[in-house]
Amino acid sequence: MKEQLRFNICDLGSSFIPDEEVEDIQERISANISPTLAYACRYWASHLALAPHSHTLLALLDEFLCHRLLFWMEVLSLRREMPMGVEGLLKVQQWLTHAEPSSSDLVLCVDEARSFVTSFAVNPTSRSTPHIYISSLPFFPHSSSVYKHYGKRSRGLLELKGSLMEAREARPLVAWDLRSSIQSFALSPDGTRIAIGGFEPIVRIMSVYDGSTLLGPLLGHTDSVDAVEFSPDGSRVVSVSRRGILVWDAYNGTLLVGPFRGVFLGHLLTVSFSPDGNRLVSAGQDCTVRLWDSREGTPLSEFDALAGRRGQIWCIKFSPSGSFIAAPCANHNIQLWNPLDGTLVGPSFKGHTGPVRCLAFTPDGTRLVSGSYDKTVRIWNLSDGSLVTGPLEGHRGSVQSVAVSPDGKRVASSSDYDLHIWDIHSGALVAGPFPGSSDLNTIAYSPDGTRVIYSSGNLIYVRVVRDGLFPPLSPPPPPPDVIIGIRCVSFRPDSTHFLTSGRSRTLRIWDATDGSFITPQHKAELIPSPFSTLSPDGSCAASTSETGTLQIISMTDGSLVAGPFQVEPDSLATLSFSRNNRAIIMGSPDGTIQVCDLQSGNTVVGSFVAHHKRVSSISESPDCSLLVSHSDYEMAIRVWNIVAPALDIPLSSTSIDPASGHSFAAVYDGWRIREDGWVVNNNNHLLFWLPRDLASPWCSPYATLAVTKRGTLLVPKQKLFIGEKWAQCYAPD
């Protein structure tokens, strides 16, 4: 690999084209990637895992990570073998844990390399190998060793700034959108597969390496799937819906057993395999715990966990030894039961002040972890029921799920709003809290303990959870009342600042370059005028006709100066003349802005998407180079450079605007951000890919600043080496 790996190994001519559409891609692969290199790229990690530790191997590994990691990824990407890269670096991590002498720096480097490979493999970026550099490297944490090593050798890559970029240091590694709400998921014992149940009556099994669907949809349920779990050997998956339990073959999707019959089930909510995989325990809204033969689907026993009281059982777990079943009981307590006869075993676990929502045993079976609607996590001694650690406080909502790390030293807990990582012995917060967008209802540790997988709404996230990993102290987003209720925006004469005012009669002065603002002490407001019908010099006016056209009429003799512009009914939300009387600026209810030349009627800039919802107000800078727009419906402010895009993309062909004389690369025609995050144009060129948290704030290449309720995003003026120039973006040592 040291001799044959190189940058752009297959001499790809453009980053705009996905690998599968490169006409001679297989010939390029055969000509540039020898069988020897292909084998080495696939299996070097497996060979390393079998080798004894030595200073020489550690040095070679360090040199590989610093100089050839991205070249190795090129080979795997072109050969569609990226999952092998993720799996290989996991083997390297495991090999390093037993290295003598151990190197904490090298362990961290491998972990970050694995994260980078994973982030490329699981996202749409993996469709195009050049986007290892163009779309993955710029958005990977800049504090990581990967970015420090390879970022310094790069140029012409997209650079964004602002609090939203700073917050990416604590963003999840992966976010898979399943397009349907997730009720529950389970991670296979080997950490390679995820079983998913949701509001739809189906079960799916996906790869943890790239998010691809391995099995499914598996059909058999008639209601939403509320719980899923793998058998201890990973060969089966059990799924539970309102009145049914099904057991599937986890490798081919065959229905093995079910629906279970013989007993009225009520509304089931939770299920758990015994450690030997031969039994299942289920519970739900009828308060009855039922034990089943997992291979036959026949009932074995049942008992009332709430002793006749009303309530529901959200969670139930077998102990690691299989000797006990833990389940919530009356008065917010927890009880252990004998699975053979349903008798109580040991004392009650008392302390929660709200219903118990989730349970987890430590791997050695000596501790029980519980989470509750009282927003706390507690760790109990299994032998005497005493509280060992806790209550652990800090969640803003009820604790939905808990998981114990494979080494038994850490507890991960999730709530309606956030994710915490705790030391199981001291109760100290060792990582987090990490914010969530909605209910974080299921959580699981990866087998190596370095990742946490959790679900929220339609999304499954993978997050790195090293000790000491805390969200950065980035500038907080603007308070909601700052960008809500704005009635008017206006530039200052020097074009460096703009003013906003709203219903609260509060005037704010914003820096047009970074989104910071100050609030004068006195109350004041600008006069709102969404339709500036008179030109600045008073020579003409804008009017609409009954036929739905916009006309510019002379104020001297009423003659038609410009137009008519075809305007759809209710398609104007705001309108103003440019300060130099040469153009008219129109904002629409659909969020688009259009700038039209008054003399020719041609479009100067646009129509471009400025907001995701109705444009509330627009103002132009005195030098006519910038626009500021606001959408009260989206709660966002954006600043636009209407002379030229912030991104300079040198191409061989350009289009010249006859009115302005400016040269704009044809690459911008039809610019849009697809749902999968790809920024494309009318030719469907893959310009670059944006992570979900950045795609929404940044609507157009003309935007230089976005101020949203989540934070700010700045787009500096810059030249990009993409498309046919992409090979200039990296300068190897």
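Counting with this note's numbering, you get residues 177 to 909 for the letters of the sequence shown. Glycine included, C-beta positions come from ideal geometry on N, C-alpha and C.
Mind checking residue i: buried by the 16 CB within 10 Å criterion, or exposed?
i, result
"Gly846", "exposed"
"His150", "The structure shown has nothing for residue 150, since the chain only spans 177 to 909."
"Gln202", "exposed"
"Ile492", "buried"
"Arg437", "exposed"
"Ala502", "buried"
"Ser735", "exposed"
"Asp200", "exposed"
"Leu889", "buried"
"Ser388", "exposed"
"Ala907", "exposed"
"Ile703", "Because the pLDDT of Ile703 is 43, which lies under 50, any placement of that residue in the model is unreliable, and the number read from its coordinates should be weighed accordingly. Label assigned to Ile703: exposed."
"Ser839", "Confidence in Ser839 is poor, its pLDDT being 42 and thus under 50, which makes the residue's placement too unreliable to answer from."
"Tyr621", "buried"
"Gly530", "exposed"
"Ala759", "buried"
"Gln904", "exposed"
"His508", "buried"
"Pro539", "exposed"
"Ser415", "buried"
"Asp366", "exposed"
"Tyr146", "Here the chain comprises residues numbered 177 to 909, so residue 146 is not present and cannot be evaluated."
"Leu862", "buried"
"His223", "exposed"
Taking a contact to mean a Cβ-Cβ separation below 8 Å, would you say residue i touches residue j in this structure?
i, j, result
"Ala588", "Val628", "yes"
"Ile597", "Gly584", "no"
"Ala297", "Gly261", "yes"
"Leu616", "Leu595", "yes"
"Val564", "Cys534", "no"
"Leu354", "Asn634", "yes"
"Trp490", "Phe500", "no"
"Phe667", "Leu802", "yes"
"Thr368", "Val379", "no"
"Phe610", "Arg639", "yes"
"Pro523", "Gly561", "yes"
"Thr725", "Gly739", "yes"
"Leu234", "Ser279", "yes"
"Val891", "Gly691", "no"
Can you tell me the Cβ-Cβ gap for residue i and residue j, rounded? I've got them flagged as a contact below 8 Å.
i, j, result
"Val404", "Ala362", "5 Å"
"Val578", "Val532", "Not confirmed; about 10 Å, so no contact."
"Cys772", "Val780", "6 Å"
"Arg290", "Leu265", "4 Å"
"Pro669", "Pro798", "5 Å"
Just the C-alpha distance for residue i and residue j, rounded to the nearest angstrom, thanks.
i, j, result
"Thr446", "His325", "47 Å"
"Phe316", "Arg868", "13 Å"
"His274", "Thr626", "16 Å"
"Ala820", "His673", "19 Å"
"Thr830", "Glu569", "Confidence at Thr830 is low in this model, with a pLDDT of 45, below 50, so the placement of that residue should be treated as unreliable; the coordinate-derived value is given next. Those two C-alpha atoms are separated by around 59 Å."
"Leu236", "Glu263", "19 Å"
"Ser764", "Tyr593", "35 Å"
"Ser400", "Gln461", "15 Å"
"Leu823", "Gln770", "19 Å"
"Gly518", "Ile555", "24 Å"
"Glu701", "Arg684", "Confidence in Glu701 is poor, its pLDDT being 45 and thus under 50, which makes the residue's placement unreliable; the coordinate value appears in the next sentence. Distance between the alpha carbons of Glu701 and Arg684: 9 Å."
"Gly420", "Arg455", "16 Å"
"Ser311", "Ala351", "16 Å"
"Thr301", "Gly453", "39 Å"
"Cys664", "Ser321", "45 Å"
"Asp909", "Tyr323", "15 Å"
"His601", "Arg543", "10 Å"
"Arg344", "Leu336", "11 Å"
"Arg418", "Pro623", "31 Å"
"Ser836", "Gln775", "With a pLDDT of 41 at Ser836, under the threshold of 50, the modelled position of this residue cannot be trusted, and the question is left open."
"Ser632", "Lys789", "25 Å"
"His806", "Asn778", "25 Å"
"Ser210", "Asp238", "24 Å"
"Ile729", "Val815", "29 Å"
"Pro706", "Gly887", "At Pro706, the pLDDT of 47 sits below 50, so the modelled position is not reliable; the number obtained from the coordinates is stated separately. One C-alpha to the other measures close to 26 Å."
Handout entry: Touching by the beta-carbon criterion (3+ pairs, under 8 Å), the stretch 338-346 and the stretch 892-904
Key = no
Exercise for the section: For the stretch 849-857 and the stretch 788-805, state whether three or more C-beta atom pairs, one from each stretch, are separated by less than 8 Å. Expected result: no
Problem - Touching by the beta-carbon criterion (3+ pairs, under 8 Å), the stretch 307-321 and the stretch 872-879 - result: no
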